[in-house]
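**Student:**
2 protein chains.
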Amino acid sequence: MAFRINIIPQNITITAQKNELLVDKIQETGINLSVYCNKKGLCGKCLVEIVDGELPPLEEREEFLLEQKNLEKNYRLACLYKIRGDISIKIPEESILQEAFILKTGIRSSIPLDPAVKKYHFRLKKPEISSPASLLEILKLHFKEKNLNIPLDQLKDLGKILEKSKYHVTAVVHKNKEILSIEPLNTLGQNFGICIDIGTTTLVMELLDLNTGKTIDILTEINSQVKYGADVISRISYALSDRKNQDELRDLILQTLNRMIVRLLKKNQIDPSFVYEIVAAGNTSMNHFLLGMPVNTLAAAPYSAVFSCLPELSSHTQEFKISKFGKIYIAPNIKSFVGGDISAGLVAVDLENKKGNFLFIDLGTNGEIVLKKGKKFIATSTAAGPAFEGMNISCGKLALPGAIYKAEYTDKLKTFTIENKPASGICGTGLIDLISIFLEKGEILSKGTIQNNTKRIAVTSSIYITQKDVREVQLAVAAIKTGIKMILKENQVTLEEIDGIFIAGAFGNYLNIKNSKKIGLLPKINEEKIIFIGNSSLAGARALLLSSQARKKIESLVKKIQFISLATKPSFQKYFINALEFQ
Amino acid sequence: MAFRINIIPQNITITAQKNELLVDKIQETGINLSVYCNKKGLCGKCLVEIVDGELPPLEEREEFLLEQKNLEKNYRLACLYKIRGDISIKIPEESILQEAFILKTGIRSSIPLDPAVKKYHFRLKKPEISSPASLLEILKLHFKEKNLNIPLDQLKDLGKILEKSKYHVTAVVHKNKEILSIEPLNTLGQNFGICIDIGTTTLVMELLDLNTGKTIDILTEINSQVKYGADVISRISYALSDRKNQDELRDLILQTLNRMIVRLLKKNQIDPSFVYEIVAAGNTSMNHFLLGMPVNTLAAAPYSAVFSCLPELSSHTQEFKISKFGKIYIAPNIKSFVGGDISAGLVAVDLENKKGNFLFIDLGTNGEIVLKKGKKFIATSTAAGPAFEGMNISCGKLALPGAIYKAEYTDKLKTFTIENKPASGICGTGLIDLISIFLEKGEILSKGTIQNNTKRIAVTSSIYITQKDVREVQLAVAAIKTGIKMILKENQVTLEEIDGIFIAGAFGNYLNIKNSKKIGLLPKINEEKIIFIGNSSLAGARALLLSSQARKKIESLVKKIQFISLATKPSFQKYFINALEFQ
Numbered sequence: 014m015a016f017r018i019n020i021i022p023q024n025i026t027i028t029a030q031k032n033e034l035l036v037d038k039i040q041e042t043g044i045n046l047s048v049y050c051n052k053k054g055l056c057g058k059c060l061v062e063i064v065d066g067e068l069p070p071l072e073e074r075e076e077f078l079l080e081q082k083n084l085e086k087n088y089r090l091a092c093l094y095k096i097r098g099d100i101s102i103k104i105p106e107e108s109i110l111q112e113a114f115i116l117k118t119g120i121r122s123s124i125p126l127d128p129a130v131k132k133y134h135f136r137l138k139k140p141e142i143s144s145p146a147s148l149l150e151i152l153k154l155h156f157k158e159k160n161l162n163i164p165l166d167q168l169k170d171l172g173k174i175l176e177k178s179k180y181h182v183t184a185v186v187h188k189n190k191e192i193l194s195i196e197p198l199n200t201l202g203q204n205f206g207i208c209i210d211i212g213t214t215t216l217v218m219e220l221l222d223l224n225t226g227k228t229i230d231i232l233t234e235i236n237s238q239v240k241y242g243a244d245v246i247s248r249i250s251y252a253l254s255d256r257k258n259q260d261e262l263r264d265l266i267l268q269t270l271n272r273m274i275v276r277l278l279k280k281n282q283i284d285p286s287f288v289y290e291i292v293a294a295g296n297t298s299m300n301h302f303l304l305g306m307p308v309n310t311l312a313a314a315p316y317s318a319v320f321s322c323l324p325e326l327s328s329h330t331q332e333f334k335i336s337k338f339g340k341i342y343i344a345p346n347i348k349s350f351v352g353g354d355i356s357a358g359l360v361a362v363d364l365e366n367k368k369g370n371f372l373f374i375d376l377g378t379n380g381e382i383v384l385k386k387g388k389k390f391i392a393t394s395t396a397a398g399p400a401f402e403g404m405n406i407s408c409g410k411l412a413l414p415g416a417i418y419k420a421e422y423t424d425k426l427k428t429f430t431i432e433n434k435p436a437s438g439i440c441g442t443g444l445i446d447l448i449s450i451f452l453e454k455g456e457i458l459s460k461g462t463i464q465n466n467t468k469r470i471a472v473t474s475s476i477y478i479t480q481k482d483v484r485e486v487q488l489a490v491a492a493i494k495t496g497i498k499m500i501l502k503e504n505q506v507t508l509e510e511i512d513g514i515f516i517a518g519a520f521g522n523y524l525n526i527k528n529s530k531k532i533g534l535l536p537k538i539n540e541e542k543i544i545f546i547g548n549s550s551l552a553g554a555r556a557l558l559l560s561s562q563a564r565k566k567i568e569s570l571v572k573k574i575q576f577i578s579l580a581t582k583p584s585f586q587k588y589f590i591n592a593l594e595f596q
Numbered sequence: 014m015a016f017r018i019n020i021i022p023q024n025i026t027i028t029a030q031k032n033e034l035l036v037d038k039i040q041e042t043g044i045n046l047s048v049y050c051n052k053k054g055l056c057g058k059c060l061v062e063i064v065d066g067e068l069p070p071l072e073e074r075e076e077f078l079l080e081q082k083n084l085e086k087n088y089r090l091a092c093l094y095k096i097r098g099d100i101s102i103k104i105p106e107e108s109i110l111q112e113a114f115i116l117k118t119g120i121r122s123s124i125p126l127d128p129a130v131k132k133y134h135f136r137l138k139k140p141e142i143s144s145p146a147s148l149l150e151i152l153k154l155h156f157k158e159k160n161l162n163i164p165l166d167q168l169k170d171l172g173k174i175l176e177k178s179k180y181h182v183t184a185v186v187h188k189n190k191e192i193l194s195i196e197p198l199n200t201l202g203q204n205f206g207i208c209i210d211i212g213t214t215t216l217v218m219e220l221l222d223l224n225t226g227k228t229i230d231i232l233t234e235i236n237s238q239v240k241y242g243a244d245v246i247s248r249i250s251y252a253l254s255d256r257k258n259q260d261e262l263r264d265l266i267l268q269t270l271n272r273m274i275v276r277l278l279k280k281n282q283i284d285p286s287f288v289y290e291i292v293a294a295g296n297t298s299m300n301h302f303l304l305g306m307p308v309n310t311l312a313a314a315p316y317s318a319v320f321s322c323l324p325e326l327s328s329h330t331q332e333f334k335i336s337k338f339g340k341i342y343i344a345p346n347i348k349s350f351v352g353g354d355i356s357a358g359l360v361a362v363d364l365e366n367k368k369g370n371f372l373f374i375d376l377g378t379n380g381e382i383v384l385k386k387g388k389k390f391i392a393t394s395t396a397a398g399p400a401f402e403g404m405n406i407s408c409g410k411l412a413l414p415g416a417i418y419k420a421e422y423t424d425k426l427k428t429f430t431i432e433n434k435p436a437s438g439i440c441g442t443g444l445i446d447l448i449s450i451f452l453e454k455g456e457i458l459s460k461g462t463i464q465n466n467t468k469r470i471a472v473t474s475s476i477y478i479t480q481k482d483v484r485e486v487q488l489a490v491a492a493i494k495t496g497i498k499m500i501l502k503e504n505q506v507t508l509e510e511i512d513g514i515f516i517a518g519a520f521g522n523y524l525n526i527k528n529s530k531k532i533g534l535l536p537k538i539n540e541e542k543i544i545f546i547g548n549s550s551l552a553g554a555r556a557l558l559l560s561s562q563a564r565k566k567i568e569s570l571v572k573k574i575q576f577i578s579l580a581t582k583p584s585f586q587k588y589f590i591n592a593l594e595f596q
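Heads up: the sequence lines are chains A and B, in that order.
So the number in our numbering is just where the residue sits in the first sequence, counting from 1, plus 13.
So the number in our numbering is just where the residue sits in the second sequence, counting from 1, plus 13.
#1: For the beta strand (DSSP E) holding Glu421(B), just list the boundary residues, first then last.
#2: Can you confirm whether Pro315(B), when its beta carbon is compared against all beta carbons of chain A, has any partner nearer than 7 Å?
#3: Note down the Cα distance separating Phe545(B) from Phe77(A), rounded to an integer number of angstroms.
#4: Going by DSSP in three states, Asn370(B) sits in which element: helix, strand or coil?
#5: If you run the structure through DSSP and keep just helix, strand and coil, what is His155(A)?
#6: Kindly confirm or deny that the stretch 462 to 482 of chain B and the stretch 417 to 428 of chain B touch, where touching means at least three C-beta pairs closer than 8 Å.
#7: Ala580(B) to Ile374(B), Cα distance in whole Å?
#8: Give me the residue from Asp230(A), Ile516(A), Gly398(A) with the minimum Cα distance to Leu359(A).
#9: CB Ile195(A) to CB Val182(A), shorter than 7 Å?
#10: Kindly identify the DSSP beta-bridge partner or partners of Lys389(B).
#11: Just to make sure I have the definition right: I need the residues of chain B whose C-beta is within less than 7 Å of the C-beta of Ile142(A). Which are they?
#12: Among the candidates Ile207(B), Thr310(B), Leu326(B), whose CA atom is the shortest distance from the CA of Met273(B)?
#13: What span of residues does the beta strand (DSSP E) with Phe515(A) cover, start to end?
#14: Suppose you measure from the CA of Leu618(B) to the CA of Met499(B); what does that come to, to the nearest Å?
#15: Do Ala344(B) and Gly353(B) come within 7 Å of each other at the CB atom, strictly closer than that value?
#16: Once you ignore the five residues that flank Gly438(B) on each side, which residues in its own chain have a CB closer than 8 Å to its CB?
#17: Give me the residue from Lys52(B), Lys388(B), Ile391(B), Val351(B) with the minimum Cα distance to Leu376(B).
#18: Our contact map puts Asn309(A) next to Gly172(B) with C-beta atoms below 8 Å; I'd like the distance itself, whole angstroms only.
#19: Looking at chain B, which residues of the stretch 323 to 346 of chain A have a Cβ within less than 7 Å of any of its Cβ atoms?
#20: Please check if any C-beta of chain B sits within less than 7 Å of the C-beta of Val490(A).
#21: Leaving aside the five residues before and after Arg97(A) along the sequence, list all residues of the same chain whose C-beta is less than 6 Å from its C-beta, in chain order.
#22: CB-CB under 8 Å to Lys190(B), same chain, minus the five flanking residues each way: which ones, in chain order?
#23: Roughly how many angstroms separate the alpha carbons of Glu434(B) and Phe451(B), rounded to a whole number?
#24: Is any heavy atom of the ligand SAH found at a distance shorter than 6 Å from the C-beta of Ser298(B)?
#25: Does any residue of chain A bring its CB to less than 7 Å from the CB of Ala318(B)?
#26: What residues in its chain sit with their C-beta under 7 Å from that of Glu332(A), if we drop five residues either side in the sequence?
Here you go:
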């Protein structure tokens, strides 16, 4: 016999069979009821008001939750409520699943809030002489998972914590599989996480509230490893030149990150012991350096990484200054030099769920390209060199205040600098604009030669572009161009069949599409199909921090992604040489 | 359509449907085919000879295994072989599951060899430029489990190990869930484990070959904690009297155990890095001391332990001198003072699978009693005091050389000492014989009073029994007697309904049943029903070391066992006072 469930005020009526769970029926309607604890009766987030119909006696957990939340006696947990008759219910706003925004530029993407670290507040039963259960058993009574681990160090403190808090505790649980720690009293409000984009050049760190998914603060610093080379290849060489260098590189990045963590937390008055997880996304080499993993297999063909996916690591063992029971998750490396920054980028744009064919391009020292053709994913990487980061360019400079990031020519050359500071150099986007302008004006020929045998073209009184600079740009552009061309060709996709190109990378927003097309960096495709998504590595890290589901999905996607090694294809040389000419 | 499988020379014919797995069909016949790797095509232990019928092409893994084992090309792994037609097969002796003996005294029990730590030998694929998989991916390719963990430290060495061994490695795997380590070349033959009985007084350690389940060597030492008290209560008091004492107790036992490990391994020329697991069984207090777990909750009512079941811990973190990637498993505490020695004992006799009603009694400083009534298990503990270990007795002594362990009286008193050394004291079993003899002769009255107002009864010229000694024995006997009586009464089981009593404890073998009955230590039950099982704590630890299945079973049993706290029952005092009288 079927019963009717009336959801007011949405005015939805559904039918249910006897003993079906209310939570399942509500979810079937498309209402995003919160099931934070995975329907285990723990979190109290799926409370609904039973306006009419059977009110079963309150379960112990419900009693506790209603008391804590100061709710009327006609609220029940939808995950415990079994249908036994017709009912009318109201779903409070707080019981609807929260979503967090992931990408803010290009496309807006959001993700249901489902962090790996969740907190539950309990009043535990004191052991009794008639049945002196162990403290751990008493704690586990509240969980449905049988094999819930708990760190031994935390277990050693359990007796003291229970005594001190009179058995009122908050459990910090990781992926519903491991109790990270037990805190006295109610600390539900204090649940923080950090996501980091580990760039070769810059480190961007974001502090988030895991209860709301909201960003609290953000901080950027230079990767202090730059003193051993602007690009990963120089750093790999440095690491391999002496045994202690690898450790030094690890220490450098770790110290910078810990300094940033301390600053962020102090500024926002957050106790490090309430920060339970860090998600880091970086390229393959950065991921290896971060964990002190040997990079020798990355130094020579076939350029294998040591790892792709890793489970969450201990923050304590990895020496991060957050909760000593915390975890570190590394966005998985795809293959070889296509690393965690790219897998995070794929998460950020949710590429797997987009219908059609897409290119995902990260323009950096290493250009990474991922082609999605229907359900197939193919990745490749191409060494563009550091020209786009303003490196190896006579007057080049990182995208810092004073860098020329944009140039225009109408009657005369006009340059724009970051923060309007006096021009002190040229960064990647400025370089692309300038080369494009000089090509247009005929000061640079399509083969890249500077006209009239002048050795340099002046930009300002002290800033100029040399013949060598143009050659560097040619090489960088050719690498990307060849990569795009070959990945399409190898997979029999034409440019016309591409539904969109996502351009990731810090300089994305300032990149001039027309000029990029002119010098051949971007393919000749309808402008609307080109979407700049900014720092998608950070955005992806944020998504992976806020959603353990996202971790599962990227880990299974990463295994599916195929890889092409461009340089080993016989046609590579031909394509590359052709690509050296500016269109 | 059904096909016929003919197993020669057993001459068994069975039928199978198309695509059924050969391994499953063989197991259905009752033949104990080895499935060491859980039918994952890894271990090569289920190889059978296909004498007649379809020979599918060799899978890569089969090819490798046949080559390694030097077998003909008509051998196949039964776990990979799908039935497609009639076949005749031979099952080699090596493919039959090995069993290991667990109990050697009382009853013989054996267990199928299924250690938590298993080793697999592989030839890994080198990464290729066309698909530069990570080293970890390449390794995981060989396993069906997706989320196989590997310690980060081991991952750091992986590149070096693969290079050095030319990609021929042996993987050490724990419970098919975690790669403990990767060793260069073929180290299948080196797989060792240690089991330990952590007694309050003595530590017994056994070294086993995990490939065969055979004991290699055994070692006994005094628990160096005895200097802080003969019984657990004194040690708990010591631990609580100063903060550093708890650590001191931990260090004492750890150092002794590590010294024993080093001696055992040196003597048997085994490299500690090939010892991957330790299973320890001890009473609740010993388990807590071993892990440095606070004992304050054990010092006062309701006498709760901190933990009951724990997952395997890291040998490195716990500072044991075996492989740094090794594991420590602690036989689970049941409740309160009924600890891991008792749960191990239940494993040793496989009590769960015995039909009927049984008592399991561990006679020690703490007397633990478990009643099995049908499918129900009830446990209790009773403080017998250390009299049975020869402690708190004027001329008492541990069961060491020179101790009187047995006494007889025909025309005159005759005593027997351990190893026939000159008598230097009386141990538990000797004490029971002597008291029984003096009772019989009327030198001790049934109320325990020594006759004729003499203060002591001479045993030899220098060894005697005092009035206080008799009182100690009375208390010890009364505790056990009351425990047995009450656990039966509370659960409505009569002595007649008991099918057997298992007596555990080191002194078991020398205990005289008639004398024990006379003084009231053992109930008046048919002598054949009393089974001495010796050190069942060690035997159980051995079973738990050799069978991960046994761990699962005891962990689920332990959760089911009910507990009675005798002292809180109103009838306890009455029973106890009655029990003080001999008989």
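C-beta atoms are modelled at their ideal positions from N, C-alpha and C, and glycine is treated no differently.
**Tutor:** In brief:
#1: Counting from one through the second sequence, the residue named residue 421(B) turns up at place 408. Glu421(B) -> beta strand (DSSP E) spans 416 to 422.
#2: Position 302 of the second sequence, counted from the start, is the residue given in the question as residue 315(B). Judged by the 7 Å Cβ criterion, Pro315(B) is in contact with chain A.
#3: In the second sequence, counting from the first residue as 1, residue 545(B) sits at position 532. In the first sequence, counting from the first residue as 1, residue 77(A) sits at position 64. Cα-Cα distance, rounded: 51 Å.
#4: Position 357 of the second sequence, counted from the start, is the residue given in the question as residue 370(B). The answer is coil: DSSP assigns Asn370(B) none of H, G, I, E or B.
#5: Stepping through the first sequence from its first residue, residue 155(A) is reached at position 142. Coil at His155(A), not helix or strand.
#6: yes
#7: Along the second sequence, read from residue 1 onward, the residue named residue 580(B) stands at position 567. Along the second sequence, read from residue 1 onward, the residue named residue 374(B) stands at position 361. Going from the Cα of Ala580(B) to the Cα of Ile374(B) covers about 18 Å.
#8: In the first sequence, the residue the question calls residue 359(A) occupies position 346. The residue with the shortest Cα to Cα distance from Leu359(A) is Ile516(A).
#9: Position 182 of the first sequence holds residue 195(A). Position 169 of the first sequence holds residue 182(A). Going by C-beta atoms, Ile195(A) is nearer than 7 Å to Val182(A).
#10: If you number the second sequence from 1, residue 389(B) lands on position 376. Lys386(B).
#11: The sequence position of residue 142(A) within the first sequence is 129, counting from 1. Ala314, Pro315, Ser578, Thr581, listed in chain order.
#12: If you number the second sequence from 1, residue 273(B) lands on position 260. Looking at the Cα atoms, Ile207(B) is the closest of the given residues.
#13: Taking the first sequence and counting its residues from 1, the one referred to as residue 515(A) is at position 502. Run containing Phe515(A): 513 to 517, per the beta strand (DSSP E) assignment.
#14: The shown model of chain B, from 14 to 596, leaves out residue 618(B), and the question about it has no answer.
#15: Here residue 353(B) refers to the residue found at position 340 of the second sequence. Here residue 344(B) refers to the residue found at position 331 of the second sequence. In this structure, Ala344(B) lies closer than 7 Å to Gly353(B) by Cβ.
#16: Your numbering for residue 438(B) matches position 425 in the second sequence. The residues are Gly403, Cys408, Gly409, Lys410, Gly415, Ala416, Ile417, Ile476.
#17: Working through the second sequence from its first residue, we reach residue 376(B) at position 363. When each option's Cα is compared against that of Leu376(B), the closest is Val351(B).
#18: For the purposes of this step, residue 309(A) is taken as the residue at position 296 of the first sequence. For the purposes of this step, residue 172(B) is taken as the residue at position 159 of the second sequence. Contact flag correct, Cβ pair sits at about 6 Å.
#19: Pro324, Leu326, Asn346
#20: Position 477 of the first sequence holds residue 490(A). Judged by the 7 Å Cβ criterion, Val490(A) is not in contact with chain B.
#21: The sequence position of residue 97(A) within the first sequence is 84, counting from 1. Once the five neighbours on either side are set aside, the close Cβ partners of Arg97(A) are Glu67.
#22: Along the second sequence, read from residue 1 onward, the residue named residue 190(B) stands at position 177. Result list for Lys190(B): Glu158, Asn160, Leu161, Asn162, in chain order.
#23: Within the second sequence, residue 434(B) is the residue found at index 421, counting from 1. Within the second sequence, residue 451(B) is the residue found at index 438, counting from 1. Strictly speaking, residue 434(B) in this sequence is Lys, with Glu absent from that position. One C-alpha to the other measures close to 24 Å.
#24: Among the components of this structure there are no ligands whatsoever, and the ligand SAH is therefore not found.
#25: Residue numbering aside, residue 318(B) sits at position 305 when the second sequence is read from its first letter. Closer than 7 Å: yes.
#26: The sequence position of residue 332(A) within the first sequence is 319, counting from 1. Cβ neighbours of Glu332(A) beyond the five flanking positions: Leu267.
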